[in-house]
Amino acid sequence: MGYVDEVIERVVAKNPGEPEFHQAVKEVLESLRPVVEANEALYRKEAILERLVEPDRQIKFRVPWVDDKGQVQVNVGYRVQFNNSIGPYKGGLRLHPSVNISIIKFLGFEQVFKNSLTSLPIGGGKGGSDFDPKGKSDREVMAFCQSFMTELSKYIGADVDVPAGDIGTGAREIGYMFGQYKRIRGMYEGVLTGKGLSYGGSLARTEATGYGLLYLTDEMLRCNGKDIKGKTVCISGAGNVAIYACKKAQELGAKVVTVSDSNGYIYDAEGIDLAALKEIKEVKRARLTEYKNYRPNAEYHEGRGVWNVPCDIALPCATQNELTLEDAKALVANGCFAVAEGANMPTTLEATKYLQENGVLFAPGKAANAGGVATSALEMSQNSERLSWTFEEVDAKLKSIMVNIFHNMDDAAKRYNFEGNYVVGANIAGFEKVVDAMLAQGVC
Ligand code: NDP
Numbered sequence: 025m026g027y028v029d030e031v032i033e034r035v036v037a038k039n040p041g042e043p044e045f046h047q048a049v050k051e052v053l054e055s056l057r058p059v060v061e062a063n064e065a066l067y068r069k070e071a072i073l074e075r076l077v078e079p080d081r082q083i084k085f086r087v088p089w090v091d092d093k094g095q096v097q098v099n100v101g102y103r104v105q106f107n108n109s110i111g112p113y114k115g116g117l118r119l120h121p122s123v124n125i126s127i128i129k130f131l132g133f134e135q136v137f138k139n140s141l142t143s144l145p146i147g148g149g150k151g152g153s154d155f156d157p158k159g160k161s162d163r164e165v166m167a168f169c170q171s172f173m174t175e176l177s178k179y180i181g182a183d184v185d186v187p188a189g190d191i192g193t194g195a196r197e198i199g200y201m202f203g204q205y206k207r208i209r210g211m212y213e214g215v216l217t218g219k220g221l222s223y224g225g226s227l228a229r230t231e232a233t234g235y236g237l238l239y240l241t242d243e244m245l246r247c248n249g250k251d252i253k254g255k256t257v258c259i260s261g262a263g264n265v266a267i268y269a270c271k272k273a274q275e276l277g278a279k280v281v282t283v284s285d286s287n288g289y290i291y292d293a294e295g296i297d298l299a300a301l302k303e304i305k306e307v308k309r310a311r312l313t314e315y316k317n318y319r320p321n322a323e324y325h326e327g328r329g330v331w332n333v334p335c336d337i338a339l340p341c342a343t344q345n346e347l348t349l350e351d352a353k354a355l356v357a358n359g360c361f362a363v364a365e366g367a368n369m370p371t372t373l374e375a376t377k378y379l380q381e382n383g384v385l386f387a388p389g390k391a392a393n394a395g396g397v398a399t400s401a402l403e404m405s406q407n408s409e410r411l412s413w414t415f416e417e418v419d420a421k422l423k424s425i426m427v428n429i430f431h432n433m434d435d436a437a438k439r440y441n442f443e444g445n446y447v448v449g450a451n452i453a454g455f456e457k458v459v460d461a462m463l464a465q466g467v468c
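The structure is reproduced here in structure tokens:
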């Protein structure tokens, strides 16, 4: 049995009941086979893979808080500090009832490679709780966040571990957590990212993931002899990533014809009206059915089906596993030549394989949506030097990071004879830098 298979088998045996973590380890390690096989003797001797799949530490704690009726509630908090070979641990805090140690470990493991790929000095971690902010009053959310941070504050710090937002953790939650950290530790430092602009947040963080997706897509097309200008683009989702992907795609001269939410999708043959979309989603917080009030010629379709609309470029920006094998077949049949993932894991494994086998340029989320975490790292830099950069400065840095990410993954794929396979390229490029740092730092 090869080294990769041995380690996968050991992870499954030693971490029972953690299916998401098993899946992430399998997916990443299998795509690393070329680099592992080329260096097998050294990696085995140094136990590189065994060290990579075992987090530096995983912290689990009780989070008691009092609800509005005076009842004490108890949630579970987690922080998994996975690997800090190239910088302080960095990764979001997820607040959702589905959160468990398997999900936090899967996300933390993936984060190690994504963060490395940005070329910025950030290690990988993830945390969260099974607390559900939905339906809670502001006071209840604050009570939870203060209790959560009372414990978490013992393990984090600007040079140690810098958590950020994620599902369920937005500006409100980050604010409450930052306030509590400051109070307990008696220091003002950039210990969290995703902060409000009045207390250390970064300009362009809101736009970063969508804009970054388009910067990388643009570079991928350019390097493959294509031009985004004049192309038809289908986007799924109508949230933060989708809105700013739509904006930048239009600025680059593409025509975006769809957006969607969990109820249905809009097809606007004349091109999505961004101002209308932003008003519906960001101001009114309404459903996409409203869009027809602004654009009577647009079509609203109930249910899935966004990938049946003919396009040149598809940008899934909604949720995991939203682009299936059937969707991939429809995209290929309609002449789509590029897919770039704005969401995390939106394309199923079978769909990814089908797209790649049919010559579609495919940029995985690990690379394509890294603009969010990259801009969080830029927030850390601004906090460290106690300065705030202008929107244009942050945006220019974001663009150069995304272009660089594309070339890193492209070069890694070429070096191992997987030219054009950006899934393999992204994993290898992220992995190489971490391993290099681990080897240089000795057995630790
Ligand atoms: P939002 O919550 O702002 O938006 C998500 C959008 O997807 C909403 O329009 C939502 O519709 C839609 N959606 C959710 N579930 C489905 C579904 N089953 N079918 C169709 N549409 C659906 O999230 P973000 O835009 O921030 O994030 C989108 C994705 O990008 C996630 O996978 C996230 O992890 C990833 N990501 C986000 C980053 C960021 O900086 N925001 C950074 C990196 C990755 P509805 O309103 O009906 O729920």
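In my numbering, each residue's number is its place in the sequence shown (first place is 1) plus 24. The beta carbon of each residue, even a glycine, is placed where N, CA and C say it ideally should be.
Below 8 angstroms on the Cβ atoms is my guess for residue 55 versus residue 100; work out the distance and round it to an integer in Å.
Taking the first residue of the sequence shown as 1, we reach residue 55 at position 31. Taking the first residue of the sequence shown as 1, we reach residue 100 at position 76. That pair is no contact at about 32 angstroms.
Taking residue 283 and residue 296 to be in contact with their CB atoms under 8 angstroms, please state how far apart those CB atoms are, rounded to whole angstroms.
Residue numbering aside, residue 283 sits at position 259 when the sequence shown is read from its first letter. Residue numbering aside, residue 296 sits at position 272 when the sequence shown is read from its first letter. Contact flag correct, Cβ pair sits at about 6 angstroms.
Counting only the same chain and skipping the five closest in sequence on each side, list residues whose C-beta sits under 8 angstroms from that of residue 10.
A query on residue 10 cannot be resolved here, the shown segment of the chain reaching from 25 to 468 and no further.
CB of residue 184 to nearest heavy atom of the ligand NDP: below 7 angstroms?
Here the question's residue 184 lines up with position 160 in the sequence shown. The answer is no for residue 184.
Counting only runs that start and end within the region 257-317, where is the alpha helix (DSSP H) found for 4 or more residues in a row?
You should have 264-275, 298-302.
Kindly indicate which three-state DSSP category residue 174 falls into: helix, strand or coil?
Residue 174 sits at position 150 when you count from the first residue of the sequence shown. Looking at residue 174 - three-state DSSP - the assignment turns out to be helix.
Any heavy atom of the ligand NDP closer than 7 angstroms to the CB of residue 233?
Counting from 1 along the sequence shown, the entry for residue 233 is found at position 209. Correct: residue 233 has its Cβ closer than 7 angstroms to the ligand NDP.
Give me the Cβ distance between residue 390 and residue 134, rounded to the nearest whole Å; I'm assuming they're in contact under 8 angstroms.
Taking the first residue of the sequence shown as position 1, residue 390 is located at position 366. Taking the first residue of the sequence shown as position 1, residue 134 is located at position 110. That pair is a contact at about 7 angstroms.
In the region 320-405, which residue ranges form an unbroken beta strand (DSSP E) of at least 3 residues, counting only runs that do not cross its ends?
If we require 3 residues or more, the beta strand (DSSP E) runs fully inside the region 320-405 come out as 323-326, 337-340, 362-364, 385-387.
Identify the residues that DSSP records as bridge partners of residue 428: which are they?
Within the sequence shown, residue 428 is the residue found at index 404, counting from 1. Its beta-bridge partners do not exist; DSSP assigns none.
Measuring only from the beta carbon, is residue 260 closer than 7 angstroms to any heavy atom that is part of the ligand NDP?
Here residue 260 is taken as the residue at index 236 of the sequence shown, counted from 1. Yes, the ligand NDP has a heavy atom inside 7 angstroms of this Cβ.
What ranges does the beta strand (DSSP E) occupy inside the region 229-256, keeping only unbroken runs of at least 3 residues that lie completely in it?
Within the region 229-256, no complete beta strand (DSSP E) run reaches 3 residues.
Is it true that the CB of residue 218 sits closer than 8 angstroms to the CB of residue 188?
By 1-based counting over the sequence shown, the position of residue 188 is 164. By 1-based counting over the sequence shown, the position of residue 218 is 194. Taking 8 angstroms as the Cβ cut-off, residue 188 and residue 218 qualify as a contacting pair.
Is residue 342 near residue 258, with beta carbons less than 8 angstroms apart?
The residue given as residue 342 occupies position 318 in the sequence shown. The residue given as residue 258 occupies position 234 in the sequence shown. Not in contact: residue 342 and residue 258 (Cβ atoms no closer than 8 angstroms).
Would the beta-carbon of residue 98 be found less than 7 angstroms away from any heavy atom of the ligand NDP?
By one-based count along the sequence shown, residue 98 stands at place 74. Checking the Cβ of residue 98 against the ligand NDP gives no.
Using only CA atoms, which one of 408, 443, 181, 227 lies nearest to residue 209?
Position 185 of the sequence shown holds residue 209. If we check each option's Cα against that of residue 209, 181 comes out closest.
Leaving out five residues on either side along the sequence, give the residues of the same chain with a beta carbon under 7 angstroms from the beta carbon of residue 49.
In the sequence shown, counting from the first residue as 1, residue 49 sits at position 25. Excluding residues within five positions, the ones whose Cβ falls inside 7 angstroms are 32, 35, 77, 133.
Rounding to the nearest angstrom, what Cα-Cα distance links residue 47 and residue 136 in this structure?
As a working note, residue 47 is residue 23 in the sequence shown. As a working note, residue 136 is residue 112 in the sequence shown. In a straight line, the C-alpha of residue 47 is about 16 angstroms away from that of residue 136.
Give the secondary structure of residue 195 by DSSP, where H, G and I count as helix, E and B as strand, and everything else as coil.
Here the question's residue 195 lines up with position 171 in the sequence shown. Correct three-state label for residue 195: helix.
What three-state label does DSSP hand residue 225 in the structure shown?
Here residue 225 refers to the residue found at position 201 when the sequence shown is read from its first residue. Reduced to three states, the DSSP call for residue 225 is coil.
Pair every Cβ in the region 169-183 with every Cβ in the region 194-206, then say whether three or more of these pairs are closer than 8 angstroms.
Contact holds: three or more Cβ-Cβ distances are below 8 angstroms.
Could you check the C-alpha separation between residue 246 and residue 313 for me, to the nearest Å?
As a first step, residue 246 must be located in the sequence shown, where it is residue number 222. As a first step, residue 313 must be located in the sequence shown, where it is residue number 289. If I take the Cα positions, the gap works out to 36 angstroms.
Tell me the DSSP secondary structure of residue 154 in three-state form.
Position 130 of the sequence shown, counted from the first residue, corresponds to residue 154. In this structure, residue 154 counts as coil in the three-state DSSP scheme.
Alpha carbons only, please: which of 299, 349, 360 is nearest the one belonging to residue 256?
Working through the sequence shown from its first residue, we reach residue 256 at position 232. If we check each option's Cα against that of residue 256, 360 comes out closest.
Tell me, please, which residues DSSP counts as bridged to residue 437.
Within the sequence shown, residue 437 is the residue found at index 413, counting from 1. According to DSSP, which records beta bridges pairwise, residue 437 is partnered with nothing at all.
Would you say residue 102 and residue 151 are within 8 angstroms of each other, going by their C-beta atoms?
In the sequence shown, residue 102 corresponds to position 78, counting from 1. In the sequence shown, residue 151 corresponds to position 127, counting from 1. A contact, by the Cβ cut-off of 8 angstroms.
Compute the minimum distance between the beta carbon of residue 287 and the heavy atoms of the ligand NDP, and state whether it is under 7 angstroms.
By 1-based counting over the sequence shown, the position of residue 287 is 263. At least one heavy atom of the ligand NDP is nearer than 7 angstroms to the Cβ of residue 287, so yes.
Expressed to the nearest angstrom, what Euclidean distance is found between the alpha-carbon atoms of residue 193 and residue 118?
Position 169 of the sequence shown, counted from the start, is the residue given in the question as residue 193. Position 94 of the sequence shown, counted from the start, is the residue given in the question as residue 118. Rounded to the nearest angstrom, the two C-alpha atoms are 6 angstroms apart.
Give me the residue from 414, 126, 86 with the minimum Cα distance to residue 39.
Locating residue 39 in the sequence shown gives position 15, where the first residue counts as 1. Ranking the options by Cα distance to residue 39, first place goes to 126.
Using 8 angstroms as the threshold, is the region 288-303 in touch with the region 226-238, meaning 3 or more CB pairs across them?
Short answer: they don't touch.
Is any heavy atom of the ligand NDP found at a distance shorter than 7 angstroms from the C-beta of residue 241?
Stepping through the sequence shown from its first residue, residue 241 is reached at position 217. Every heavy atom of the ligand NDP is 7 angstroms or more from the Cβ of residue 241, so no.
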